[in-house]
Amino acid sequence: PELFVGLGALFSAFALIHFSISPTDRLSGFFHGYESYTFYPNAAALFLLAVLPFNLNLCLHKQRFWYGFLLLNSSAFLLTFSRGAYLVALACGALGAVFSVRKLFNRKAAKNLLCLSLTGLLALSFAFGLNALKADGLVVSERLLLKDDAGFASVSERVDFWKGAWQMSLDHPWTGVGPGGFVAFYP
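In the working numbering, the protein residues as written are 20 to 206.
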């Protein structure tokens, strides 16, 4: 896990540097121009979403310097502005809280919770502060509440795709449309 978290921190550091000096409005990686899966904002968020639980575990059970890595990885994760990844992180956090409630009544767990909370607040402050410093940065509330044009268009396109997929499943209930048939049969 240490190597994985270290690679995540290296990715986050380069991505944060790229985000701060480039005209992009979402953190997505640092190799723009290549059509690589790992350098879209949602893919970057997915990678960091996989790193964060390991990072949390290292913070709770290893040395304290892992909190610096958590700050770096969390800040990069927040700047992807991936609403889907935020929802997954929220659900995982809630699930983790449910399973760890009984452990909160000892001194060490309370201290760890305080350290994690402070690291989270620092990550929020750093990430959204860095975004605010950019002249072309996203307005966070608009992105999260679907008030920006790109967010609304993305959601409405997905709803249209779901409606079309539902219609295709009704039209072809037994055989479906086959691989690659979505484009041909999309209503």
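The beta carbon of each residue, even a glycine, is placed where N, CA and C say it ideally should be.
Please read all numbers here as calculations on a predicted model, not as lab measurements.
Within its own chain, the residues whose Cβ lies closer than 7 Å to the Cβ of LEU65, once the five positions on either side in sequence are excluded, are ALA104, listed in chain order. Taking LEU141 as reference, the option from LEU22, PRO72 and SER93 with the minimal CA-CA separation is SER93.
Comparing C-alpha distances from PHE96 to each of GLN82, ALA69 and LEU133 shows the shortest one belongs to ALA69. Spatial neighbours of TYR205 in its own chain (CB-CB distance under 6 Å, excluding positions within 5 residues in sequence) are listed in chain order as GLY183. Note on geometry: alpha-carbon atoms of LEU67 and GLY27 lie some 7 Å from one another. The alpha-carbon of ASN131 is positioned some 8 Å away from that of CYS78. The criterion of a C-beta distance shorter than 8 Å is not satisfied by THR43 and LEU90. Assignment of alpha helix (DSSP H) within the segment 80 to 112, counting only whole runs of 4 or more residues, yields 85 to 97 in chain order. With fewer than 16 other CB atoms across the displayed protein chains lying within 10 angstroms of its CB, THR194 is exposed. Burial is judged here by how many other beta carbons sit within 10 angstroms of a residue's own beta carbon; ASN76 has fewer than 16 and is exposed.
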